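Protein chains: 2
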Amino acid sequence: MKRPLSLQKLIDALRKLPGVGPRSARRMAEAVLAMDYEEAREIGRAIVRAKKAIRPCSVCGINTEQDPCEICSDETRDRSFVCVVESAEDVIAFESSGSHEGVYHVLGGTINYTRGSGPEKLNLASLFSRAGAGGIKEVLIATNPTLEGESTAAYIVKRLKNAGIKLTRPARGLPRGADIDFLDSETISIAHKERQEAFFLNDEQ
Amino acid sequence: MKRPLSLQKLIDALRKLPGVGPRSARRMAEAVLAMDYEEAREIGRAIVRAKKAIRPCSVCGINTEQDPCEICSDETRDRSFVCVVESAEDVIAFESSGSHEGVYHVLGGTINYTRGSGPEKLNLASLFSRAGAGGIKEVLIATNPTLEGESTAAYIVKRLKNAGIKLTRPARGLPRGADIDFLDSETISIAHKERQEAFFLNDEQ
Numbered sequence: 299m300k301r302p303l304s305l306q307k308l309i310d311a312l313r314k315l316p317g318v319g320p321r322s323a324r325r326m327a328e329a330v331l332a333m334d335y336e337e338a339r340e341i342g343r344a345i346v347r348a349k350k351a352i353r354p355c356s357v358c359g360i361n362t363e364q365d366p367c368e369i370c371s372d373e374t375r376d377r378s379f380v381c382v383v384e385s386a387e388d389v390i391a392f393e394s395s396g397s398h399e400g401v402y403h404v405l406g407g408t409i410n411y412t413r414g415s416g417p418e419k420l421n422l423a424s425l426f427s428r429a430g431a432g433g434i435k436e437v438l439i440a441t442n443p444t445l446e447g448e449s450t451a452a453y454i455v456k457r458l459k460n461a462g463i464k465l466t467r468p469a470r471g472l473p474r475g476a477d478i479d480f481l482d483s484e485t486i487s488i489a490h491k492e493r494q495e496a497f498f499l500n501d502e503q
Numbered sequence: 299m300k301r302p303l304s305l306q307k308l309i310d311a312l313r314k315l316p317g318v319g320p321r322s323a324r325r326m327a328e329a330v331l332a333m334d335y336e337e338a339r340e341i342g343r344a345i346v347r348a349k350k351a352i353r354p355c356s357v358c359g360i361n362t363e364q365d366p367c368e369i370c371s372d373e374t375r376d377r378s379f380v381c382v383v384e385s386a387e388d389v390i391a392f393e394s395s396g397s398h399e400g401v402y403h404v405l406g407g408t409i410n411y412t413r414g415s416g417p418e419k420l421n422l423a424s425l426f427s428r429a430g431a432g433g434i435k436e437v438l439i440a441t442n443p444t445l446e447g448e449s450t451a452a453y454i455v456k457r458l459k460n461a462g463i464k465l466t467r468p469a470r471g472l473p474r475g476a477d478i479d480f481l482d483s484e485t486i487s488i489a490h491k492e493r494q495e496a497f498f499l500n501d502e503q
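Protein chains in written order, with our numbering: chain C, 299 to 503; chain H, 299 to 503.
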């Protein structure tokens, strides 16, 4: 006996999601069958609705239901300061931190030649044309501190270094709550090399 | 800035699937947005279609698009021999092994009082009424060899022991390909106690 066709199709469909292997797809499919019809339909609908409603912002590439996005159309944001990130979720993280008052540019990934993801696959042409259009003073290249993120940052630096724009990278060091003996030695080295004058609140009194 | 509403709803919907935490839901949602519209719609549809098409078999509880299911309505299967399993996926596993020529009964879980899953939550009443209806010679109680599986099996044995039916459990021992030094001591003990006369193909020549 095989699985009913519609169940097999559901398992195959779920496997297209990232991180879902054969076992988890089967567990998810079983969970769907155990749900109320309304609840299962809500998941199915959420997929189709999000896919229908959301487009990348034509300026910065953020996931948005309006174009240009909320941030690009906000007059109070500093449009001369662009934070370049790999993914739209990185924007959510920066926004939650409240640290960036400028605008964003979402690359949609990193350069990775071995996976066939060259610069032309990323949202880079529009970054360079934004930079070329003038009005940008600083580009903070906030790709992840990984091999791919670094080489993508290096590529952007190479392309923009003569554009008369200040190019920056986020500070590196120990993340809050880190256990130093579990951190990689590159981070420890950077944290050591870039060490800061120690001061605590009571030093300032 | 928050996520667009339809994206947040998609993330919330995906989190209802088992094993999907906040991070993986976000990754999945990003993957959905990166898909072609057709591909995303296919996933949404597969969920709704499977949920619509599949019902538990009214006899054995298997996931099925026809009722009674393929196995229960197959005249060549031995209806006097019922294999009781926890989930419909266990049936697929038994069927792939080709070992069972009888029929099945899917419990839909195990007894777990601490999780509020008493016998009444399982597909047990219909098992006992099948057993009471006569015609069944053997019930192989193939719940998983876990604490919950064992106690569920014990409950079934207690309820059926006076029904004049042979009650069996699958053999326990070393699984194929096992590394003995990674196996739990219970399995090793059972494999030792239930050891079999050694024979190899050349012994039979």
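Positions of the beta carbon are idealized from the N, C-alpha and C atoms, including for glycine.
Everything numeric in this text was worked out from a predicted model, so none of it was measured.
* Asked: First and last residue of the beta strand (DSSP E) that includes C/R377?
  -> 376–383 is the extent of the beta strand (DSSP E) around C/R377.
* Asked: From which residue to which residue does the beta strand (DSSP E) around H/K464 run?
  -> First-last of the beta strand (DSSP E) with H/K464: 464–466.
* Contiguous alpha helix (DSSP H) assignments of at least 4 residues, all confined to the segment 332–409 of chain H -> Taking only runs of at least 4 residues, the alpha helix (DSSP H) segments lying wholly in the segment 332–409 of chain H are 335–351, 386–395.
* If we count Cβ pairs, one from each stretch, closer than 8 Å, do we get three or more for the segment 299–316 of chain H versus the segment 382–393 of chain C? -> They touch, by the three-pair rule.
* Asked: Quick one: Cα of H/G359 to Cα of H/L472, how far?
  -> The alpha-carbon atoms of H/G359 and H/L472 are separated by roughly 30 Å.
* Short CB-CB distance (under 9 Å) between H/P473 and chain C -> So no, H/P473 is outside the interface.
* Taking Cβ positions, are C/P354 and C/A386 nearer each other than 9 Å? -> Cβ atoms of C/P354 and C/A386: closer than 9 Å.
* **is_contact[C/D310, chain H] using C-beta, thresh 9 Å** => Yes, C/D310 counts as interfacial toward chain H.
* Proximal chain H residues relative to C/I409, where beta-carbon distance stays under 9 Å -> Within chain H, no residue has its beta carbon less than 9 Å from that of C/I409; the closest one is some 17 Å off.
* In this structure, does DSSP put H/S483 in helix, strand or coil? -> In this structure, DSSP gives H/S483 a helical state, which the three-state scheme calls helix.
* What number of angstroms, rounded off, separates the C-alpha of H/Y335 from the C-alpha of H/S394? -> Answer to the nearest angstrom: the Cα atoms are 35 Å apart.
* Less than 9 Å separating the beta-carbons of H/M400 and H/R428? -> Looking at the sequence provided, one finds Gly at residue 400 of chain H rather than Met. Between H/G400 and H/R428, the gap from beta carbon to beta carbon reaches 9 Å or more.
* Asked: Ordered along the chain, which non-local residues of its own chain (more than five positions away) have a Cβ less than 8 Å from that of C/G407?
  -> Cβ within range, chain order: E384, S385, S415, K419, L420.
* Can you find at least 3 beta carbon pairs, one from the segment 342–352 of chain H and one from the segment 308–319 of chain C, that sit closer than 8 Å? -> Segments in contact, yes.
* Give a yes or no on whether 9 Å exceeds the smallest Cβ distance from C/P366 to chain H. => False, the Cβ-Cβ gap to chain H never drops below 9 Å.
* For C/A476 versus H/V346, is the C-beta distance shorter than 9 Å? -> No, the Cβ-Cβ distance between C/A476 and H/V346 is not below 9 Å.
* Buried or exposed: H/A327, going by 16 or more other Cβ atoms within 10 Å of its Cβ? -> Buried, by the Cβ-count rule.
* Asked: Where does H/Y402 land, buried or exposed, given buried means 16+ other C-beta within 10 angstroms?
  -> Buried, since its Cβ has 16 or more Cβ neighbours within 10 Å.
* Asked: Contact check, H/V382 vs H/V437 under 8 Å by CB: the rounded distance?
  -> The beta-carbon distance between H/V382 and H/V437, rounded to whole angstroms, is 6 Å. This is short enough to meet the 8 Å contact definition.
* To do: Check whether the Cβ of C/E448 lies closer than 9 Å to any Cβ atom in chain H.
  => No - not a single Cβ of chain H is within 9 Å of the one on C/E448.
* To do: Would you kindly work out how many angstroms separate the C-alpha atoms of C/I341 and C/A348, rounded to a whole number?
  => Note on geometry: alpha-carbon atoms of C/I341 and C/A348 lie some 11 Å from one another.
* **Within 8 Å of chain C by C-beta, residues of the segment 336–350 of chain H in sequence order** => Listed by position along the chain: E337, A338, R339, E340, I341, G342, R343, A344, I345, V346, R347, A348, K349, K350.
* Between the CA atoms of H/R470 and H/I241 - distance to the nearest angstrom -> The structure shown does not extend to residue 241 of chain H, since chain H spans only 299 to 503, so no value can be given for it.
* chain H contact residues for C/A329, given Cβ-Cβ distances below 7 Å -> Correct list: L315, P316.
* Rounded Cβ spacing between C/A451 and C/I439 (contact assumed at less than 8 Å) -> Here C/A451 really is in contact with C/I439; their C-beta atoms are around 4 Å apart, less than 8 Å.
* Just confirm the distance between the C-beta atoms of C/P417 and H/A329, as a whole number of angstroms; I'd bet it's less than 8 Å. => The beta-carbon separation of C/P417 and H/A329, rounded to 22 Å, does not stay under the 8 Å limit for a contact.
* Note down, in chain order, every chain H residue with its Cβ under 7 Å from the Cβ of C/L305. => The answer, in chain order, is A348, I352, N361.
* Excluding five sequence neighbours on each side, which residues of the same chain lie with their C-beta closer than 8 Å to the C-beta of C/G430? -> So the list reads A461, once near-sequence residues are dropped.
* Asked: C/L422 and C/R457: beta carbons closer than 9 Å?
  -> The Cβ atoms of C/L422 and C/R457 sit closer than 9 Å to each other.
* **Range of the contiguous beta strand (DSSP E) that encloses C/L438** => Here the beta strand (DSSP E) through C/L438 covers 436–439.
* Asked: What does H/E387 reach in chain C if we use C-beta pairs closer than 8 Å?
  -> H/E387 reaches chain C at R324, E328, counting residues in chain order whose Cβ is nearer than 8 Å.
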